[in-house]
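Numbering (the UniProt record's numbering), first residue to last: 1 to 75. Positions of the beta carbon are idealized from the N, C-alpha and C atoms, including for glycine.
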Amino acid sequence: PRHQNREINEQLFGRSNDGLPMQSSASSASGYLYDLTPAAFIDMIICEMGCLDTSAIVAALRDREDRDACLMSVA
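Below you can see the structure in the form of structure tokens.
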């Protein structure tokens with residue numbers, strides 16, 4: 001049981017078995033940085049739009065794409 005608690009804490013706080021911090025993000029060829037934290041640990045996203053519930057992310061991305069498209073059509 002004591003070993004299981006340690007294992008759970010290491011998973012929750014991002015430590016691997018060797019004690020080193022786990023990689024929690026990855027970058028893509030486009031330069032965007034993606035967070036690889038499991039969705040079960042995410043309750044809210046904090047961004048330039050404010051605090052968003054996880055269910056609002058799709059709508060926020062759609063709104064941003066619409067604004068970007070509008071700005072590109074004006075230029």
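Rounded straight-line distance, which links the Cα of residue j to that of residue i
i: Glu48; j: Arg64; result: 11 Å
i: Glu51; j: Cys70; result: Sequence check: residue 51 is Cys here, not Glu. So the alpha carbons of these two residues sit roughly 24 Å apart.
i: Val74; j: Arg67; result: 11 Å
i: Phe41; j: Leu61; result: 21 Å
For residue i, three-class secondary structure by DSSP
i: Arg2; result: Reliability of the predicted coordinates at Arg2 is poor, the pLDDT of 49 falling under 50, and the value obtained from them is presented with this limitation in mind. It is helical.
i: Leu71; result: helix
i: Leu61; result: helix
i: Asp43; result: coil
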